[in-house]
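So for the sequence shown, the numbering used here puts the first residue at 23; every next one is plus one. We put the CB at the ideal spot given by N, CA and C, even for glycine.
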Amino acid sequence: QQQQQQQLGGDGGPGAFADEAAEAAFRKCKRIIDKDVPRTDRHLPFFAGDGNPNLTALSNVLLTYAVYRPDVGYVQGMNDLLAPLLMVMEGSEEEAFWCFAGLMRRVEANFSANQDSITDQLNVMKRLTQHIDPELHGFLLSGGADGFFFCYRWLLLVFKRDFSFDDIVVLWERIWANYSTDHFHLVIAMAMLILNRRKILAAAESDEVLRVVHDLSLTMDVDEVIGCAQGILWRLKSEERSPWELKKLKEQADVAPPRIGFVRQASAATVGANLSSGGGGGGGGVGGGGHGSGGSGVDVGGSASAMRFGGAGAAGPILEPFARPPPPPIGAPPVSSGGGECGGGAPMSAFAFRQLQDQYLREQQQQQQQQQQ
23 QQQQQQQLGG DGGPGAFADE AAEAAFRKCK RIIDKDVPRT DRHLPFFAGD GNPNLTALSN
83 VLLTYAVYRP DVGYVQGMND LLAPLLMVME GSEEEAFWCF AGLMRRVEAN FSANQDSITD
143 QLNVMKRLTQ HIDPELHGFL LSGGADGFFF CYRWLLLVFK RDFSFDDIVV LWERIWANYS
203 TDHFHLVIAM AMLILNRRKI LAAAESDEVL RVVHDLSLTM DVDEVIGCAQ GILWRLKSEE
263 RSPWELKKLK EQADVAPPRI GFVRQASAAT VGANLSSGGG GGGGGVGGGG HGSGGSGVDV
323 GGSASAMRFG GAGAAGPILE PFARPPPPPI GAPPVSSGGG ECGGGAPMSA FAFRQLQDQY
383 LREQQQQQQQ QQQ
């Protein structure tokens with residue numbers, strides 16, 4: 023706020039800016055913010071009611087960021103990304119601002135005028151769908167929806183309008199952890215398509231696909247989505263060979279060890295540590311520029327016609343988020359799910375997979391501690 027006042031020359035009146043272009047740009051941002059803020063999450067008690075000071079705080083942070091980063095300014099949608107941060111920070115403008123600045127370092131390319139970053143990510147979704155579900159890809163291609171623009175809002179707002187506040191905190195924590203990949207948000211988007219493919223296939227044309235995807239908002243179970251995405255990612259990681267366009271999803275930046283399990287109540291310290299560090303690709307572009315790695319795409323491998331996560335052509339329901347568990351520690355007896363797409367009798371549920379995964383990671387940590395001792 024102090025920086026904003028210095029640049030505005032105190033009251034922001036006529037002549038406050040030495041540069042008329044800068045003044046015009048700021049006033050344009052302010053007009054848009056003044057329209058967007060009163061419409062932001064008013065159904066939540068935190069932002070409800072007339073004269074709510076939290077709305078003023080939301081506006082102040084967005085205006086300050088527009089001055090702090092005039093090259094980025096303000097674009098519609100940034101208010102959606104800031105609102106949960108301000109809630110977690112309990113209305114603290116200073117803490118919310120720096121967390122928001124850290125988040126924007128990850129995703130600012132999404133808001134660029136040329137939209138190159140979003141285009142790269144949509145191409146990832148297109149290639150991934152073609153690889154694991156040619157039927158769905160062919161349907162979208164024939165229906166004129168092969169541009170995957172129905173995923174645009176998911177990627178721009180990092181799914182913020184598609185889950186409740188409690189759920190989006192969980193989902194964002196998983197994405198920001200950069201666990202096993204810097205582009206987990208793209209795997210999440212693919213999981214959402216898989217879990218709702220029957221509804222999409224029932225659509226008649228591209229406009230209908232957009233409506234179906236829009237109507238999914240607030241109807242999906244975040245744990246189921248994350249479990250399905252983990253299955254896709256483990257299958258991807260187990261592939262020895264992948265199409266060159268899809269290898270980047272296997273890569274991970276040098277980040278701190280991820281937390282294990284779902285975080286239902288994020289603390290200000292946790293969110294702040296994640297965002298202020300900048301992180302890796304996260305919700306940013308896959309095309310480079312500090313917001314992700316070059317290239318685009320995902321490869322889940324195996325038989326594309328099977329569209330399952332544990333093997334090619336295995337029997338079992340196509341939509342269940344089953345996944346091959348991680349390999350057991352060296353010397354341990356092999357872990358069998360007893361099933362289906364994971365190789366045996368009954369298939370393993372996403373919940374059982376997460377339990378196995380957490381157990382495996384705990385054993386790894388114990389082994390590392392023993393080796394250090």
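Residues in its own chain within less than 6 Å of residue i by CB, not counting five upstream and five downstream?
{"i": "L162", "result": "D168"}
{"i": "F396", "result": "One cannot answer for residue 396 here, as it falls past the ends of the chain, which runs 23 to 395."}
{"i": "G113", "result": "N76 and A79"}
{"i": "V235", "result": "F172"}
{"i": "Y87", "result": "none"}
{"i": "D63", "result": "F69 and A105"}
{"i": "D72", "result": "none"}
{"i": "Q152", "result": "H159"}
{"i": "A251", "result": "V209, I210 and A213"}
{"i": "G99", "result": "L178 and L179"}
{"i": "D189", "result": "V244"}
{"i": "M109", "result": "F68"}
Let me know the secondary structure DSSP gives residue i once reduced to three states.
{"i": "G160", "result": "helix"}
{"i": "V277", "result": "Residue placement at V277 is flagged as unreliable, the pLDDT there being 36, under the threshold of 50; a coordinate-derived value is accordingly withheld."}
{"i": "D155", "result": "coil"}
{"i": "L66", "result": "coil"}
{"i": "E261", "result": "coil"}
{"i": "G124", "result": "helix"}
{"i": "D168", "result": "coil"}
{"i": "S315", "result": "Confidence is the limiting factor: at S315 the pLDDT is only 30, short of 50, which leaves the residue's position unreliable, though a coordinate-based value still follows. Three-state result, S315: coil."}
{"i": "W44", "result": "Note that residue 44 is Ala in the sequence shown here, rather than Trp. Note: A44 maps to helix in three-state DSSP."}
{"i": "A135", "result": "coil"}
{"i": "Q395", "result": "coil"}
{"i": "D72", "result": "coil"}
{"i": "A337", "result": "With a pLDDT of only 25 at A337, under the threshold of 50, the placement of this residue in the model should not be trusted; the figure read from the coordinates follows. It is coil, neither helix nor strand."}
{"i": "V129", "result": "helix"}
What residues in its chain sit with their C-beta under 8 Å from that of residue i, if we drop five residues either side in the sequence?
{"i": "L255", "result": "S202, T203, F206, V209 and L271"}
{"i": "D243", "result": "none"}
{"i": "G160", "result": "none"}
{"i": "V231", "result": "L162, G165, A167, F172, I222 and A225"}
{"i": "P279", "result": "Low confidence applies here, because P279 scores a pLDDT of 34, under 50, leaving its location unreliable and the question unanswered by this model."}
{"i": "R233", "result": "A225"}
{"i": "Q391", "result": "none"}
For residue i, which residues from the same chain have a beta carbon less than 7 Å from its beta carbon, with the 5 sequence-adjacent residues on both sides left out?
{"i": "L175", "result": "Contrary to the premise, residue 175 reads as Arg rather than Leu in this sequence. R183, listed in sequence order."}
{"i": "S239", "result": "R183 and D184"}
{"i": "S186", "result": "L240"}
{"i": "S228", "result": "G165, G166 and A167"}
{"i": "D58", "result": "Q98 and N101"}
{"i": "P60", "result": "L77"}
Determine, for residue i, whether the minimum Cβ-Cβ distance to residues of chain C falls below 8 Å.
{"i": "V180", "result": "Here chain C cannot be found, since the structure has a single protein chain."}
What residue ranges within the region 79-122 form continuous beta strand (DSSP E) runs of no fewer than 3 residues, ordered along the chain?
none
Fully enclosed by the region 214-251, which alpha helix (DSSP H) runs are 4 residues long or longer?
219-223 and 228-237
In chain order, which continuous runs of the alpha helix (DSSP H) of length 4 or greater are located wholly inside the region 175-218?
187-198 and 206-217
Assess, as a yes-or-no matter, whether the region 126-141 is touched by the region 213-221 under the definition of 3 or more beta carbon pairs within less than 8 Å.
no
With a threshold of 8 Å, are at least 3 pairs of Cβ atoms found where one atom belongs to the region 47-66 and the other to the region 87-98?
yes
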